[in-house]
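Below is one structure, written out as structure tokens; the observations come after it.
Encoded structure:
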């Protein structure tokens, strides 16, 4: 595999993480360095680890995982996106004068882990593919993880910057939830479900 092919693959795998990071940056409005490092580190770590796991599993289980990987990613993204829509709806129902409850930070806890898994399922399939063609996974996994880390950090900053262009208010969470659901549907479409 050439360097150009590897970088193209890494950027393609990082697109979902980038989109989620932009959405998160919009939702948070103020993005701290620790939030950026948590999300980029988690997404990059999953993108690094999943190809290795796939490669270790090898070709023997490829057909079983390939049959459901897109459904797992779809389910996780719809779950998190639905949670964000519910949160946006609850914020919308509050009176303007009422104090707003603190929004959950998507760069922490279970939400971050679910997003990390959902955005890296395709990387697992890449690892399985590398095992089938007998290509070492270690260097490609490192490149994939580093590219994803950078794309996620950039996405968080772009999302924060987008908030400075106009007051997005509570609509950011609604938009974020819809974006995650659309990414999930797009994954199903890419896998020929419809």
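Numbering (the numbering used here), first residue to last: 8 to 201.
By construction, the Cβ of each residue, glycine as well, lies at the ideal position given by its N, Cα and C atoms.
Over the uninterrupted alpha helix (DSSP H) stretch that includes residue i, give me the two end residues.
i: residue 18; result: 10 to 35
i: residue 59; result: 40 to 64
i: residue 129; result: 128 to 139
i: residue 125; result: 116 to 125
If you drop the 5 nearest sequence neighbours on each side, which residues of the same chain put their C-beta closer than 6 Å to that of residue i?
i: residue 44; result: none
i: residue 113; result: 31
i: residue 13; result: 147 and 150
i: residue 188; result: 85 and 88
i: residue 17; result: 150, 151 and 154
i: residue 202; result: Since the first and last residues shown for the chain are 8 and 201, residue 202 lies out of range.
i: residue 29; result: 162, 165 and 166
i: residue 65; result: 138
For residue i, I'd like the list of residues in its chain whose CB is within less than 8 Å of its CB, leaving aside the five on either flank, ordered along the chain.
i: residue 176; result: With a pLDDT of only 49 at residue 176, under 50, the local geometry of the prediction cannot be trusted, and the value read off the model is given with reservation. Counting only Cβ-Cβ distances below 8 Å, and skipping sequence neighbours, we find nothing.
i: residue 137; result: 58, 61, 62, 143, 144 and 147
i: residue 200; result: 77
i: residue 102; result: With a pLDDT of 43 at residue 102, under the threshold of 50, the modelled position of this residue cannot be trusted; read the value that follows with caution. Closer than 8 Å at Cβ, skipping near neighbours: no residue.
i: residue 121; result: 83, 86 and 87
i: residue 192; result: 81
i: residue 104; result: Its pLDDT being 45, under 50, residue 104 is placed unreliably in this model, and the coordinates cannot settle the point.
Please return the same chain residues whose Cβ sits closer than 7 Å to the Cβ of residue i, not counting the five positions on each side in sequence.
i: residue 124; result: 53 and 83
i: residue 194; result: 77, 80 and 81
i: residue 140; result: none
i: residue 203; result: For residue 203 there is no data in the structure shown, the boundaries of the chain being 8 and 201.
Select from the options the residue whose C-alpha is nearest the C-alpha of residue i.
i: residue 152; options: 139, 169, 134 and 164; result: 134
i: residue 181; options: 38, 20, 87 and 37; result: 87
i: residue 42; options: 193, 169 and 159; result: 159
i: residue 186; options: 10, 22, 9 and 15; result: 22
i: residue 38; options: 96, 163, 169 and 19; result: 163
i: residue 36; options: 198, 10 and 166; result: 166
i: residue 197; options: 117, 19 and 121; result: 19
i: residue 50; options: 26, 64 and 73; result: 26
i: residue 130; options: 93, 73, 9 and 169; result: 73
i: residue 56; options: 156, 168 and 169; result: 156
i: residue 24; options: 10, 47 and 34; result: 47
i: residue 71; options: 132, 11 and 190; result: 132
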